[in-house]
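Q: Quick one: this structure, given as structure tokens, is what I'll be asking you about.
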Ligand code: SF4
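Here's what the structure looks like:
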């Protein structure tokens, strides 16, 4: 979501006549698009801002802006910590960037209910896969998460605007569309829901693949799973964050489902879409998590057999309920639990990837990896490397010949 917000910022700046540069010394404007989902990105922001102090002294005309979730959350407070910042604006005010830049200095973090009507010109970095926002914000208030506070309540974009944006992207040659939303499954436009949106996009000529992120397990309906199974362009992959395998922790997290309910949805996905790859998010060491709760998560990993996970230590975020909960878990326990989770999952991922050796997969070529290999993704979102040079944008059938944890090696047929 942040990455695509940056593409929108680039699009607006391009329209205003700005050009990108990799050298801060040459810049007239430097914008930090920030994430506050964990503490680490915040620390990175302040050290980057610190490095710009002397540059700003040498070149007072340089403008520095902070946007994104940290800007939304901290607002005015950022000026106190880094007085050389000129502009602070939240994710809902990206559309106002041109008028913000016409002012000397300021904070722009008001909630903007008009956000769904803003058609912002994105300057997309990738030429093969295009991200398209279908909804903004979130209503779920998971107890550890800042998103409902920083990005506001859920607002779906009108369906006809999404369809016309995607039609333009197809004309520009994009092959894959990735629909974005904090909770895409709760998309609504009047009577139409996310399944209806997928069906309409599937009918657009020229699109090869449709993906979406992120799905909330509670809102993953039978109708949506059946639609995914039926539509040929919807890829066989879902990212379905479980966060914990313990019902007690899930309830403290305010996730709105039990482990058994989650498991039932995964079973239905695997019954109706047998080759589906499932990935997830895990938080290790949520407040009051016991060894027993932790082993519920370990058991969940063993039972779910995910294709991959994103696991992190719990990081208390100011303003959230979980940050105020008693029994915060010491760092060393969180680290140990996280490494147990990652170690187990690495073994599962490698075993699953090894099971693909000898199979034929459809791969959309995206470009070149740093190693020089041509690289692409299977429909199940696994990264595939080739020893041959294959033009980006091609869709090839390939035989998997080697498996690693994060990638597969293949030869084109
Ligand atoms: S559903 Fe996702 S974005 Fe919304 S509050 Fe929960 S974790 Fe945050």
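In the working numbering, the protein residues as written are 2 to 414. Note that the Cβ used here is the ideal one computed from N, Cα and C, for glycine as well.
1) Please list the segments of the alpha helix (DSSP H) lying wholly inside the segment 210 to 237, counting only runs of 4 or more residues, in order along the chain.
2) Restricting to Cα atoms, I'd like to know which of 62, 335, 233 is closest to residue 207.
3) Tell me which residues share the same chain as residue 142 and place their Cβ nearer than 7 angstroms to its Cβ, disregarding the 5 neighbours each side in the sequence.
4) Quick check: does the Cβ of residue 184 come within less than 8 angstroms of any heavy atom belonging to the ligand SF4?
5) For residue 29, tell me which candidate among 14, 168, 263 has the shortest Cα-Cα distance.
6) What is the residue span of the beta strand (DSSP E) that residue 367 lies within?
7) Below 8 angstroms, how does it come out for the segment 312 to 328 and the segment 264 to 275: are there three or more Cβ pairs, yes or no?
8) Taking the alpha carbon of residue 342 as the reference point, which residue from 172, 61, 226, 297 has its own alpha carbon closest?
9) Please give me, in chain order, every unbroken run of the alpha helix (DSSP H) with length at least 4 that falls completely inside the segment 27 to 67.
10) Which residues bound the alpha helix (DSSP H) around residue 397?
11) For residue 188, which of helix, strand or coil comes out of DSSP?
12) Restricting to runs no shorter than 3 residues, where is the beta strand (DSSP E) found entirely within the segment 237 to 296?
13) Does the separation of the CB atoms of residue 163 and residue 101 fall below 9 angstroms?
14) Looking at residue 31 and residue 65, is the spacing between their C-beta atoms short of 9 angstroms?
15) So, under 8 angstroms CB-CB, residue 414 and residue 404 are touching, yes? Tell me the CB distance rounded to an integer number of Å.
16) Please classify residue 22 as buried or exposed, where buried requires at least 16 other C-beta atoms within 10 Å of its C-beta.
17) Just how far apart, CA to CA, sit residue 16 and residue 98?
18) Short of 7 angstroms in beta carbon distance, which residues of its chain neighbour residue 40, apart from the five on each side in sequence? Order them along the chain.
19) Please state the DSSP three-state secondary structure of residue 350.
20) Measuring only from the beta carbon, is residue 392 closer than 8 angstroms to any heavy atom that is part of the ligand SF4?
21) Compute the Euclidean distance between the alpha carbons of residue 36 and residue 216, then round it to the nearest angstrom.
22) Quick test of the definition: if touching needs 3 or more C-beta pairs under 8 angstroms, does the segment 372 to 379 touch the segment 318 to 337?
23) Short check: CB of residue 280 to CB of residue 239, under 9 angstroms?
24) So residue 377 is in the beta strand (DSSP E); what residue range does that whole segment cover?
25) Considering only residues of the same chain and omitting the five flanking positions on each side of residue 49, which have a CB-CB separation below 8 angstroms?
26) Identify every run of the beta strand (DSSP E) within the segment 74 to 125, keeping only runs that are complete inside it and at least 3 residues long; order them along the chain.
27) On the three-state DSSP scale, how would you describe residue 15?
28) In the DSSP assignment, the alpha helix (DSSP H) including residue 148 goes from what residue to what residue?
29) Does DSSP put residue 135 in a helix, a strand or coil?
30) Are the segment 58 to 73 and the segment 131 to 141 in contact at 8 angstroms, needing three or more beta carbon pairs?
31) Quick check on residue 357: does DSSP put it in helix, strand or coil?
32) Output the distance between the C-alpha atoms of residue 288 and residue 361, rounded to the nearest integer angstrom.
33) Please confirm whether any heavy atom of the ligand SF4 lies closer than 8 angstroms to the CB of residue 141.
A: Put simply:
1) Listed in chain order, they are 223 to 231.
2) Answer by Cα proximity: 233.
3) Within the same chain, 149, 255 come within 7 angstroms of residue 142 by CB-CB distance, once the 5 residues on both sides are set aside.
4) Under cutoff, so the answer is yes.
5) Each of 14, 168, 263 was checked against the Cα of residue 29, and the nearest Cα belongs to 14.
6) Residue range 361 to 369 is occupied by the beta strand (DSSP E) that includes residue 367.
7) Touching, no, given that fewer than three Cβ pairs across the two stretches are closer than 8 angstroms.
8) Distances from the alpha-carbon of residue 342 to those of 172, 61, 226, 297 put 297 closest.
9) Runs of the alpha helix (DSSP H) inside the segment 27 to 67: 40 to 59.
10) Following the DSSP letters along the chain, one finds residue 397 in no alpha helix (DSSP H) but inside the beta strand (DSSP E) bounded by residues 396 to 404.
11) Looking at residue 188 - three-state DSSP - the assignment turns out to be coil, as it is neither helix nor strand.
12) The qualifying runs are 238 to 240, 278 to 285.
13) Against a cut-off of 9 angstroms, the Cβ pair of residue 101 and residue 163 comes out as no contact.
14) Yes; because the gap between Cβ atoms is below 9 angstroms, this pair is in contact.
15) That belief does not hold up - the Cβ atoms of residue 414 and residue 404 are roughly 18 angstroms apart, past 8 angstroms.
16) Sixteen is the threshold: since fewer than 16 other Cβ atoms of the shown chains lie within 10 Å of the Cβ of residue 22, the residue is exposed.
17) Near 11 angstroms, if we compare the C-alpha coordinates of residue 98 and residue 16.
18) These residues qualify, in order along the chain: 316.
19) Note: residue 350 maps to helix in three-state DSSP.
20) The answer is no for residue 392.
21) Rounded to whole angstroms, residue 36 to residue 216 spans 20 angstroms at the Cα level.
22) Under the 8 angstroms Cβ criterion, the segment 372 to 379 does not count as touching the segment 318 to 337, having fewer than three qualifying pairs.
23) For residue 280 and residue 239, yes; Cβs fall inside 9 angstroms.
24) For residue 377, the uninterrupted beta strand (DSSP E) segment begins and ends at 375 to 379.
25) Counting only Cβ-Cβ distances below 8 angstroms, and skipping sequence neighbours, we find 33.
26) The qualifying runs are 88 to 90, 107 to 109.
27) Per DSSP, reduced to three states, the secondary structure at residue 15 is helical.
28) For residue 148, the enclosing alpha helix (DSSP H) starts and ends at 148 to 151.
29) Three-state DSSP puts residue 135 in coil, outside helix and strand.
30) With the cut-off at 8 angstroms, the segment 58 to 73 and the segment 131 to 141 do not touch.
31) Per DSSP, reduced to three states, the secondary structure at residue 357 is coil, with no helix or strand assignment.
32) Pairing residue 288 with residue 361, the inter-Cα distance amounts to about 45 angstroms.
33) It does: the Cβ of residue 141 is within 8 angstroms (strictly closer) of some heavy atom of the ligand SF4.
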